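Quick note on numbering: the sequence shown equals residues -24 to -1, 1 to 73 in mature numbering (1 follows the signal peptide of the UniProt record, and there is no 0).
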Amino acid sequence: MLRAAPILLVLALAACDSPGPGFAALPGTRVTVDGSTFAVRRNGNTAQAIRLNMERRAGVMARGFVAIEQATGCQVRPGTLSGDPAVIYAELTCAAR
């Protein structure tokens, strides 16, 4: 078991900022909101925020909402925020440029 411990640690750390399907090839933008740090990726009108730090506070989803808007420059469409405190998804409304 001791031989497996370093391998398990490396695998666990590698998964900390592993983007989901549709986001793997996209660069992440690191955003910190009120002590919560996220890697935010945008694919078209969908965004993903992965929380990077350990915490046990309420309000992670709300901070993820703010992080997505800050990183993308778009608004989160009402009612589209989903996921959990570790990985948050949202649909975006972006102004035409």
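Even glycine gets a Cβ: it sits at the ideal position worked out from N, Cα and C. Keep in mind the model is a prediction, meaning the values are calculated, not measured.
Annotated three-state conformation of THR56 is coil, per DSSP.
With a threshold of 16 other beta carbon atoms within 10 Å, THR48 meets it and is buried.
Secondary structure note for ALA66: its beta strand (DSSP E) is the uninterrupted segment 63 to 69. Rounded to whole angstroms, the separation of the alpha carbons of LEU68 and THR22 is 6 Å. Sequence-distant partners of ARG18 (beyond 5 residues in either direction) whose C-beta falls short of 6 Å from its own C-beta, in its chain, are THR48.
By the neighbour-count criterion, in which a residue is buried when 16 or more other Cβ atoms sit within 10 angstroms of its Cβ, ARG27 is buried. Contact check for ARG39 against ASP10 passes: the beta carbons are separated by less than 7 Å. In the displayed model, ALA72 falls within coil according to three-state DSSP, outside both helix and strand.
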